[in-house]
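Residue numbers (this note's numbering): 3 to 586.
Notes to accompany the following structure.
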């Protein structure tokens with residue numbers, strides 16, 4: 003129960019025996035940022051800071067203005083293939099070794115270097131443009147004078163930032179308010195952890211209850227947060243409001259966070275900035291940009307070493323046939339220069355030109371529109387792919403799920419027989435509407451020998467209730483249109499969930515007649531084929547975890563008062579929970 007104990011902003015002594023949690027922390031300390039430590043962030047008051055924080059600037063470039071040329075030349079000549087031709091060209095400055103005009107050696111080498119420098123300059127320019135677009139993206143900041151526009155690079159720790167739907171979160175923030183009436187929002191985190199499943203986030207309860215977002219500036223409150231670290235799956239902190247009687251303290255967890263790089267998938271949110279710049283979780287989990295080299299270049303470099311070794315052997319043999327007469331060591335070098343055409347510099351030119359053409363063709367391919375070539379040094383690596391391994395989380399797939407089969411012991415329904423399921427659902431609710439009110443209630447479900455229609459109905463209702471899907475009503479691009487939600491318009495409804503599996507299940511129940519039309523933190527509403535609204539109160543939710551491999555929900559039917567526990571999960575877990583039968 004220690005997770006519920008609120009943290010308090012106390013002044014801590016520097017721990018001499020503590021070690022940094024990751025290599026990024028050492029880098030921060032070397033760059034003048036000091037040792038990362040916990041912080042107290044006052045809402046809407048970035049001037050009340052107890053330490054210096056980095057600017058909220060994203061920089062993915064490999065070089066700067068001063069290191070560009072030396073860095074490019076170093077990355078070229080650290081491989082033997084390029085170093086060999088450099089030494090070959092430099093040897094022509096020695097009169098005893100000169101075999102021809104200087105331009106015959108320096109012009110090909112200069113052309114190769116010019117192509118490489120231009121290619122690297124173009125990539126660095128494109129990277130700079132992408133970074134500038136991110137850093138200059140405009141956001142709304144809550145201030146005492148109202149809402150003002152601010153660039154992403156000018157956002158500071160303590161600012162109250164408004165993030166719209168489908169907008170990127172500019173900094174690591176604590177989730178304070180949402181426009182969604184269910185009191186939560188979904189995040190797309192594919193750019194952070196590679197998973198396309200949406201993540202559910204909850205605002206701080208104290209700030210969500212405020213009448214308007216402007217009231218966040220009227221209260222005296224702060225967030226006490228842990229030091230910056232690389233863990234994107236955990237967070238420890240406390241929200242405290244001092245001007246209430248008594249003061250309110252709420253523990254914060256990963257469910258209250260909005261990490262930079264994620265995208266808001268539902269509603270409009272307001273958050274307070276905790277970390278910026280190089281202290282962002284996404285930046286601390288990113289390695290420094292480096293120059294990439296393909297496997298083909300490494301193979302050519304290895305073959306160059308082998309051929310050079312053969313040249314040395316041939317040169318020694320030629321000198322040995324002359325019995326090492328005179329200045330034999332100069333004769334070895336001259337023979338090396340004479341046989342140097344065995345390693346053609348034109349191969350290097352062809353490789354660079356080929357990679358440029360490959361990159362250009364990939365960008366212009368009509369079958370893969372929108373493809374961005376971020377590195378033109380390794381496009382040929384795509385041709386070496388033999389096997390592509392992926393899971394079903396949608397990292398490399400579209401992850402579109404369709405419900406195809408329902409198995410109820412002795413009876414199975416597939417796609418071509420779903421109309422039978424629909425008729426069963428229709429018959430159950432038609433019979434209930436014709437029965438007198440006294441006969442309604444749990445009597446149908448408590449029969450030992452239930453009819454097939456009731457069995458199908460219970461299965462469909464279980465699927466329609468046991469999930470984390472939220473219906474959202476949209477009209478002309480505006481979320482939560484009051485009239486559309488009031489009428490439960492099918493054309494305006496969009497299902498949002500953390501997993502496409504969940505959406506596929508709810509869409510299937512809608513196709514057979516039982517539609518999820520409303521949901522918030524404490525209730526759900528289903529619509530029957532006869533347009534009757536069934537109200538259910540959510541008493542408890544047991545969320546899905548990778549350890550339990552199942553989820554559950556306890557709901558109360560408001561029309562009958564019946565309380566039911568529904569659970570679903572993976573077959574390896576549910577096989578030991580449900581009643582034994584032959585087909586499972």
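C-beta: ideal position from N, C-alpha, C; glycine also.
*Beta-carbon gap between residue 184 and residue 472 smaller than 8 angstroms*: yes
_Nonlocal neighbours in the same chain, by C-beta distance under 7 angstroms from residue 524, ignoring five residues either side_ = 539 and 540
*Taking the C-alpha atoms as reference points, what is the distance between residue 75 and residue 152?*
39 angstroms
*DSSP on residue 503, reduced to helix/strand/coil?*
helix
*Buried or exposed for residue 577, please, with buried defined as at least 16 other CB atoms from any protein chain shown within 10 angstroms of its CB.*
exposed
*asked:* Measuring only the C-alpha atoms, how far is residue 44 from residue 208?
replied: 15 angstroms
*For residue 187, name the three-state secondary structure that DSSP assigns.*
strand
*Using DSSP bridges, identify the partner residues of residue 164.*
142 and 272
*Over the uninterrupted alpha helix (DSSP H) stretch that includes residue 108, give me the two end residues.*
105–137
*Beta-carbon spacing of residue 262, residue 41 below 8 angstroms*: no
*Where does residue 315 fall in DSSP's three states?*
helix
*Is residue 70 closer than 8 angstroms to residue 125 when the C-beta atoms are compared?*
no
*What is the DSSP secondary structure of residue 367, reduced to helix, strand or coil?*
coil
*Would you identify the three-state DSSP class for residue 253, choosing helix, strand or coil?*
strand
*Around the Cβ of residue 10, are there at least 16 other Cβ atoms within 10 angstroms (buried) or fewer (exposed)?*
Note that residue 10 scores 39 on pLDDT, short of 50, meaning its location in the model is unreliable and no value can be drawn from it.
*Starting from residue 408 and walking both ways along the beta strand (DSSP E), at which residues does that stretch end?*
408–410
_So if DSSP puts residue 44 in a beta bridge, which residue, or which two residues, is it bridged to?_
224
*Classify residue 190 as buried or exposed, calling it buried when 16 or more other Cβ atoms lie within 10 Å of its own Cβ.*
buried
*In three-state terms, what does DSSP make of residue 532?*
coil
*Report the three-state DSSP secondary structure of residue 300 (helix, strand or coil).*
helix
*I think residue 203 touches residue 186, with their Cβ atoms under 8 angstroms apart; what is that distance to the nearest whole Å?*
7 angstroms
*Starting from the C-beta of residue 554, find all residues in its chain whose C-beta is less than 6 angstroms away, skip the five residues before and the five after it, and write them out in chain order.*
544 and 569
*asked:* Taking DSSP's pairing of strands, which residues face residue 414 in a bridge?
replied: 409
*With a cut-off of 8 angstroms, do at least 3 Cβ pairs link the segment 73–88 to the segment 114–121?*
yes
*Taking the beta strand (DSSP E) that residue 174 falls in, what are its first and last residues?*
174–180
_Please report the distance separating the alpha-carbon of residue 225 from that of residue 272._
14 angstroms
*asked:* Once DSSP output is grouped into helix, strand and coil, what is the label at residue 574?
replied: helix
*asked:* Our contact map puts residue 173 next to residue 287 with C-beta atoms below 8 angstroms; I'd like the distance itself, whole angstroms only.
replied: Contact flag wrong, Cβ pair sits at about 15 angstroms.
*Applying the criterion that 16 or more other CB atoms from any shown protein chain within 10 Å of the CB defines a buried residue, is residue 144 buried or exposed?*
buried
_Helix, strand or coil at residue 537 [DSSP, three-state]_ = strand
*asked:* Determine whether the beta carbon atoms of residue 99 and residue 339 lie at a separation below 8 angstroms.
replied: yes
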